[in-house]
Amino acid sequence: MLTLEDHMEGIVNIFHQYSVLTGDPETLTKNEMRMLITRELANTIKKYCGEMQGKGENTKDQETVDKIIQELDDDADLLINFDKFLDWVAFVLVSRNRKL
Ligand SMILES: [Ca+2]
2 MLTLEDHMEG
12 IVNIFHQYSV
22 LTGDPETLTK
32 NEMRMLITRE
42 LANTIKKYCG
52 EMQGKGENTK
62 DQETVDKIIQ
72 ELDDDADLLI
82 NFDKFLDWVA
92 FVLVSRNRKL
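Numbering-wise (the working numbering), the sequence shown opens with residue 2 and increments by one.
As structure tokens, then:
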């Protein structure tokens, strides 16, 4: 059975699996983040997309991914470090838990 430690290590590993692809290995470029979200969070994105449509926004998956990245990159340096990534993962987990 997986422990919380295993899951935490998994989050760190997934981040680095994508962050090392180009440029600084400790930050995600927008393309790296886009790849991570698209491949690792396909179902979550579909839900996000549905929620935005519920708010009257007609977004497709790709536009939803772009919006998430824009929100994450709040200082507009085009890079997402582990702190920002983890804040976002925590936010997704908290909203998911509320809906369970
Ligand atoms: Ca990188």
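Just so you know, even glycine gets a beta-carbon here, dropped at the ideal spot from N, CA and C.
Distance check for residue j and residue i, CA to CA, integer angstroms please.
i: D88; j: I69; result: 12 Å
i: S20; j: D84; result: 13 Å
i: K56; j: E10; result: 35 Å
Tell me where the alpha helix (DSSP H) around residue i begins and ends.
i: L87; result: 83-100
i: M9; result: 5-20
i: L73; result: 62-73
Given a cut-off of 8 Å, decide if residue j and residue i are closer than it, judged by their beta-carbon atoms.
i: D62; j: I46; result: yes
i: T39; j: V66; result: yes
i: I15; j: E33; result: no
Going by beta carbon distance, what residues of the same chain come within less than 7 Å of residue i, once the five residues before and after it are set aside?
i: T30; result: T23, G24, L79, L80
List the DSSP bridge partners of residue i.
i: L29; result: I81
What residues in its chain sit with their C-beta under 8 Å from that of residue i, if we drop five residues either side in the sequence?
i: I12; result: L87, V90
Using a Cβ-Cβ cutoff of less than 6 Å, which residues in the same chain neighbour residue i once the five nearest sequence positions on both sides are dropped?
i: R97; result: none
i: L3; result: none
i: L37; result: Y19
i: L73; result: I81, K85, W89
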